[in-house]
Structure formats: C-alpha cells, structure tokens
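Peer 1: Sending over a structure as structure tokens; questions will come in a sec.
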Amino acid sequence: MNRRGFLAAGLASLGAACGAPQVKSDPAPARVSLRDVRRLVAERVDPVAGRCRYVADLGPRQVVQPILFARRGESFDALIENALPQPTTVHFHGLTLPQSQDGAGFDSIAPGERKRVRFEVRNRAGLYWFHPHPHGFTAEQVYAGLAGLLVVTDDEDQALDAALALAPGNRLALAIADVRVENGVIRPYAPGAPDCLHGWLGNRALANGRLDAGWVVAPGWVRLQILNACNARGLLLGFQDRNADGKETLARFHLLGTDGGLLASPRELERVFLHGGERVDIALDVSGRRALQAVSLEFDARHHTQGAAPPHRHPARARYAPLAAEAVCENISELRDGPADGAQIDLFSIRVEGATARVPALPARLCALSEAAPAPDTPTRRVRLDLDERTGFLIDQTPYAIDETGFSVGRGAREVWEIKNSPISMPHPMHVHGFGFRVLRRLGTFGAARRLATESGGRFPTDLGIKDTVLAWPNETLWLALDFALPQEAAFGGPQRYMFHCHNLEHEDGMMMRNITVL
Ligand code: C2O
Ligand code: CU
Ligand code: CU
Numbered sequence: 096m097n098r099r100g101f102l103a104a105g106l107a108s109l110g111a112a113c114g115a116p117q118v119k120s121d122p123a124p125a126r127v128s129l130r131d132v133r134r135l136v137a138e139r140v141d142p143v144a145g146r147c148r149y150v151a152d153l154g155p156r157q158v159v160q161p162i163l164f165a166r167r168g169e170s171f172d173a174l175i176e177n178a179l180p181q182p183t184t185v186h187f188h189g190l191t192l193p194q195s196q197d198g199a200g201f202d203s204i205a206p207g208e209r210k211r212v213r214f215e216v217r218n219r220a221g222l223y224w225f226h227p228h229p230h231g232f233t234a235e236q237v238y239a240g241l242a243g244l245l246v247v248t249d250d251e252d253q254a255l256d257a258a259l260a261l262a263p264g265n266r267l268a269l270a271i272a273d274v275r276v277e278n279g280v281i282r283p284y285a286p287g288a289p290d291c292l293h294g295w296l297g298n299r300a301l302a303n304g305r306l307d308a309g310w311v312v313a314p315g316w317v318r319l320q321i322l323n324a325c326n327a328r329g330l331l332l333g334f335q336d337r338n339a340d341g342k343e344t345l346a347r348f349h350l351l352g353t354d355g356g357l358l359a360s361p362r363e364l365e366r367v368f369l370h371g372g373e374r375v376d377i378a379l380d381v382s383g384r385r386a387l388q389a390v391s392l393e394f395d396a397r398h399h400t401q402g403a404a405p406p407h408r409h410p411a412r413a414r415y416a417p418l419a420a421e422a423v424c425e426n427i428s429e430l431r432d433g434p435a436d437g438a439q440i441d442l443f444s445i446r447v448e449g450a451t452a453r454v455p456a457l458p459a460r461l462c463a464l465s466e467a468a469p470a471p472d473t474p475t476r477r478v479r480l481d482l483d484e485r486t487g488f489l490i491d492q493t494p495y496a497i498d499e500t501g502f503s504v505g506r507g508a509r510e511v512w513e514i515k516n517s518p519i520s521m522p523h524p525m526h527v528h529g530f531g532f533r534v535l536r537r538l539g540t541f542g543a544a545r546r547l548a549t550e551s552g553g554r555f556p557t558d559l560g561i562k563d564t565v566l567a568w569p570n571e572t573l574w575l576a577l578d579f580a581l582p583q584e585a586a587f588g589g590p591q592r593y594m595f596h597c598h599n600l601e602h603e604d605g606m607m608m609r610n611i612t613v614l
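So the mapping is simple: my numbering equals the position in the sequence shown, first residue as 1, plus 95.
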C-alpha cells in the first residue's frame, strides 16, 4: 500500500471502529524553501469551528500549511498577510531575530493588513517553528491550526543523514497538537475557567494536521524531528511495537538533538518527555519491525492546583469576536471526560515496508558542541513562578504588561537564571525568545519525573544541548546559563525587547509572561 492508501485505510478503520462519521483532518503539508516564500497568509477556513491555516504564496504556486526548509544563512523576505478576523503576528520560535522581526506581539498585524518581514537564519541546524503571538489571542489561534515547522539544515546535519544512510522518506518533521474531537469533528476553542488554569487539553492528537496520521518508511534508520505544538499537554513520547499476540514493547531510540540542534553525542532512550514548544531529534532503527505506534505514555502530570483561574479578559479581545462561534473562557465545555494531562494517547503510526538494507552504526559523535560551565562569577537572576488566587499563574508576582521593561540585561551579558516553581503549582514549559540557553542543574524534582533524569545535575535528556524552552515541574528549582549576545548589524541596533513566558498557551495568554529588554 502506498502512503496515501495507508492513510485512507487508517481513517476508514477509525470510522468503522467508532461507528462515527469520518474525522475531518487538515491536508498533508508540503515542503517549501524559506527563500521562495513571497507571502505568508494566515486565514480562517471554517468560521463555525474556527479552523485556520497558513498559506505560503511562492509566486507560481500556493502551498497550504507548508513545512519550511532553510539552510543556515538563508533569508526570509515576505509579506505576512492577516486574513483572520483578529490581530495576529508570526513568531519564529527559537530564531534569533531583531525585535522588529520577532513577531512577539509588540506590533501585531490588524485584520486585513500586511507586514513585510525580513531576516537571516543565523541559528544552528535544527527544528524551529512559527506560530501567532498576538497577546490575548495566541492560544486560540494556535489551537485553530496556526502552527508551522521550519527545518534548518547545514553541512553537519546533512552529513549525519548520509552517515545514517537515510532512505528517501525516512526523515520526517512532525508537529504534534492535541484537539478536542466530538462526533467526528474538531471542536472549537472554548475554554472554561478550569481550562484557563490547567490549559486547554484535547482528546486526540494531530500529527502535521492529521488525525491518525501514518507514514510508510523503509527498513533502516528513521530520523524524526518532533515538536510538541499542543496548547497545554505534555508528551511522554515512546514507540510501541504492538505484536500480533497483543504484547506491547517499547522500541529503543537515540536522542540526537533538542530545541537548538544536535547534541555532541546521542543518548539511547526508551521514552522522552517534551512539553509545549520543546523539540526532539531522534533516530530509530526500524529494521525487523513491521509497524510502530508513537504514543504519549501515561505519566503523573503533577497538576498540584485546584480551582479555577479567572477568565482572560484582555482589553484587546473586547473589539474582536472569537474565531469560532463560541466565546473564549466564558463557556464551560461539555467535553469533560477526555484524557487528562498524563493519560496515554496515540500520536501517529509508522509502517515499515521494503527490502532490508545494511544499517550503519550510529556515529558516536554528532557535532562539536562544548558543555563549558559558566564562569563562577556569573551573576544570578532569581525568577519565581507562583499562583495567585485572583490572577492565575505569574512570574515574580507580576502580571504581564505589554509596555513593561521587565528584565533589563546588557548586550552580551552572561547570566545564570535560577527559576523556582512553587510546590502548589503545575508543570510550566518556560520559553525565552531570541536566545538559546543551557540547562545546568535541577533540584526538587518529584520521584516519578526524577526517574527520567538520566543526566548529571538531575537533568533530563531533553535538558541537553541548546534550549529555548525548558520544563519546570512543581517544586523544582532550575539553573540556566544564558548569553545575551546579539549580532552588531543595524537590524539589532538600539534596545531590543524579547519575551520570557510559559508555553502553556492558556498560561501565556493568562499573563504568565515578562519582557526582556536587551540594552
Ligand atoms: Cu513559541 Cu513566545 O513562543
Ligand atoms: Cu518563541
Ligand atoms: Cu504555565
């Protein structure tokens, strides 16, 4: 069966199993070179459910929900066009861009307007992504389907593909997002007060916009770059081999890289945890297997918080209707029996077809990334994550204000950030715009999560490498090393404002965000 046939069979069997109408999924994305994009349009395709999409206009053709590809050093120069009924921006998560091109929401694009965005990709090869960031609308727009992948490559990255002898089709970039599916259709975004506290969770997962997505690969190494694009759900990723006798085993795999590209050397794992905004790059040898099911395995999600957060009443929202015909944070959704955060959920499947080939050994060394510790006199900045009964989750007890300075740091300054999450809290995936960082150490991790900590300093495998998003479990203290170096070019002249926020998108819209001003 070809790939299309496999997908169709997957959807048909779903319909048969549920006795429900077939689930509508978004179309499969196509690869687009970042350089070729002339216009990137954000548009709503379904005013009832509020589903939206990106369309890349390449001049001769248009591509819906593209996966963007770039070599390091290539440039983007395109018009971002807002065809949504709400303000929007396009933020390239993980890239180091000047404030004016960061799409962080300081100057959002009004409905019907366009903005020219130009930048050069300076970051390491790796999986990055783009999504809206207009304050107060981010969670709704990302849930609506506005999230795209940017795969950055370079010589080192391509040398690795060659060393793995990757068959065509054995390298995939995947965005996982959960959605609420009821009676075969994706429900609109309509979080109630508990959703504003815990985050908006779905009951099913989309992979690149598809429910029950599946890919056919050849025997040998498969390289998967995976993003957790969920609004609020953590994923404990594993690959189940579901044998005919009903026994399930987990296929071991190798962690090659994290948010900002390759690690110095791979790590062999059976499961890996990634929260909202985090990425992993993994290699999996599928020789001798017929099919694998990627799942999020059950875990203790540690929501140590009761009650509800106040609805998000952004002044900006008053002037615009929701994308779907339901008010945001006002209606309590009827879907209360879906899988909670930490419940097992299917993500996508892999079918192995073709003749077995020779499988080369995984290189012991992937790149030259040094793990140098910061100098002992590096100043420490203390950051506290707390829950305020009336306001919700806050950074340093301060609700976000778009025009605040927030933290001021010197250009080129090196700092250690000590981030302490309250014991009465939730996991918060904390994200810094524009700057990669290193995770130095963790303290206070609870037992179940500590068992996943395989690295020195109580760190998780996903703490390795260059990070832009890091998970803080309740009661944990994390130490990060940041380097606020910015290039000298005119585009970065003058003070530059970036953001530091929780990537649980309901928390982000709920004011768990601060500005970072680089002077
Ligand atoms: Cu992916 Cu400020 O976000
Ligand atoms: Cu970002
Ligand atoms: Cu959070």
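Glycine included, each C-beta is placed from N, C-alpha and C at the ideal position.
Can you say whether Pro155 is buried or exposed, counting buried as having 16 or more other CB atoms within 10 angstroms of its CB?
Peer 2: That one is exposed.
Peer 1: Tell me the rounded alpha-carbon separation between His228 and Glu584.
Peer 2: 25 Å
Peer 1: Among Pro180, Glu215 and Arg139, which residue has its Cα nearest to the Cα of Gly168?
Peer 2: That would be Glu215, whose Cα lies nearest to the Cα of Gly168.
Peer 1: According to DSSP, is Arg318 part of a helix, a strand, or is it coil?
Peer 2: strand
Peer 1: Count the other C-beta atoms from every protein chain shown that fall within 10 angstroms of the C-beta of Ala242, then say buried if there are 16 or more, exposed otherwise.
Peer 2: buried
Peer 1: When the Cα of Gly588 is compared with those of Leu364, Gly304, Pro524 and Pro193, which residue comes out closest?
Peer 2: Pro193
Peer 1: Nearest CA to the CA of Glu235: which residue from Phe187, Asp197 and Tyr284?
Peer 2: When each option's Cα is compared against that of Glu235, the closest is Tyr284.
Peer 1: Could you say which of Thr183, Asn218 and Tyr223 lies nearest to Ala205 if we only look at CA atoms?
Peer 2: Thr183
Peer 1: Closer than 5 Å between the C-beta and any heavy atom of ligand 3: which residues qualify, listed along the chain?
Peer 2: Counting only beta-carbon distances shorter than 5 Å to the non-hydrogen atoms of ligand 3, the qualifying residues in chain order are His523, Cys597, Asn599 and His602.
Peer 1: Could you pull out every residue in the same chain whose Cβ sits closer than 8 Å to the Cβ of His349, ignoring the five residues on either side in sequence?
Peer 2: Pro361, Arg362, Glu363, Leu364, Ile377, Ala378, Leu379 and Leu457
Peer 1: Does DSSP put Gln160 in a helix, a strand or coil?
Peer 2: coil
Peer 1: Residues bridged to Met594 by DSSP?
Peer 2: By DSSP's assignment, Met594 forms a beta bridge with Asn610.
Peer 1: Would the stretch 289–305 and the stretch 334–348 be scored as touching if the rule is three or more Cβ pairs under 8 Å?
Peer 2: no
Peer 1: Considering just the uninterrupted stretch of the alpha helix (DSSP H) at His83, what are its terminal residues?
Peer 2: Since the first residue of the chain shown is 96 and the last is 614, residue 83 is not available in this structure.
Peer 1: Can you tell me whether Glu466 is buried or exposed? The criterion is at least 16 other CB atoms within 10 Å of its CB, across all chains shown.
Peer 2: exposed
Peer 1: Given Met607, which residues of its chain have a CB within under 8 Å of its CB, disregarding the five upstream and five downstream residues?
Peer 2: Leu480, Gly487, Phe488, Leu489, Ile490, Tyr495, His523, His596, Cys597 and Asn599
Peer 1: Taking the alpha carbon of Ala468 as the point to measure from, which residue in Gly304, Leu129 and Arg509 has its own alpha carbon closest?
Peer 2: Of Gly304, Leu129 and Arg509, the residue nearest in Cα terms is Arg509.
Peer 1: Quick one, are the C-beta atoms of Asp604 and Thr233 less than 7 Å apart?
Peer 2: yes
Peer 1: For ligand 2, enumerate in chain order all residues having a CB closer than 6 Å to any of its heavy atoms.
Peer 2: His186, His188, His526 and His528
Peer 1: Can you tell me whether Gly372 sits near ligand 1, meaning its C-beta is under 6 Å from at least one heavy atom of the ligand?
Peer 2: Yes; taking the cut-off as 6 Å, the Cβ of Gly372 has a heavy atom of ligand 1 nearer than that.
Peer 1: Roughly how many angstroms separate the alpha carbons of Glu601 and Ala258, rounded to a whole number?
Peer 2: 42 Å
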